[in-house]
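*Asks:*
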Amino acid sequence: MLATKSKHQKTSRFDASFKFKLFAAVAMFRKDQNSPPSPPFPATKLKRWTDEDNNPCKIEANASYQCLHDNNFDRKKCEGAFINYRNCQKFWNNIKKERRKQGISPAMPSEKERAEILRSMQTDSAST
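Using my numbering, read the sequence shown as starting at 205 and increasing by one per residue.
1. Is residue 330 close to chain E, meaning its C-beta is less than 8 Å from at least one C-beta of that chain?
2. Take residue 272 and list the residues in its own chain whose beta-carbon comes closer than 6 Å to its own, dropping the five residues that flank it on each side.
3. Should residue 319 go down as buried or exposed, given a rule of 16 or more other Cβ atoms within 10 Å for buried?
4. In terms of alpha-carbon separation, which member of 261, 303, 270, 317 lies closest to residue 290?
5. Go to residue 298, then tell me how far its alpha helix (DSSP H) extends in each direction, as first and last residue.
6. Would you say residue 256 and residue 292 are within 8 Å of each other, going by their C-beta atoms?
7. Going by C-alpha distance, which of 327, 295, 331, 288 is nearest residue 267?
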C-alpha cells in the first residue's frame, strides 16, 4: 500500500534517503582529496590579487579594505585610501605599458625591480 501525504505536509524534491546518500558521497569525495578546499574563485585570480609579484599595490588595497572595515563601510571616510590605491594602480599600469612598448618581458617588474624603480624616483625627486 502506498503512503500518501496530506496536503499540509511539505513535499521535497528529494526524499531523505537520497539526501543521505548524496551527503555521504560528497563526504567520501572530500576525504579522498588531500588538498584543501578550493577558493570561491579560480586560483589564477587569487594569485593575481594576493601575490606580491602580481599586485604591486597590495599594501594600498589592504589599507583601503581595512579603512572600510574600521569605518563601518562608509566610503566617504575612506576616500583618501581609495585615491592612494588608484594612484598606485595608475603608476604601475603606466610602467607596464612602457615596458611592453620597449619589448621587456614580463611587463610587470619583479619585486626587486619595483624597489629599484621607487628608489630611483625618490632620488630624482629629492635632487630636484
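Glycine included, each C-beta is placed from N, C-alpha and C at the ideal position.
*Replies:* According to the data block:
1. Going by chain labels, chain E is absent from the structure shown, which holds only one protein chain.
2. Contacts found: 282.
3. The residue is exposed, with fewer than 16 neighbouring Cβ atoms inside 10 Å.
4. Checking every option, the nearest Cα to that of residue 290 belongs to 261.
5. Note, residue 298: alpha helix (DSSP H), 283-305.
6. Result no, Cβ atoms of residue 256 and residue 292 do not sit closer than 8 Å.
7. Checked all of 327, 295, 331, 288; the closest Cα to residue 267 is 288.
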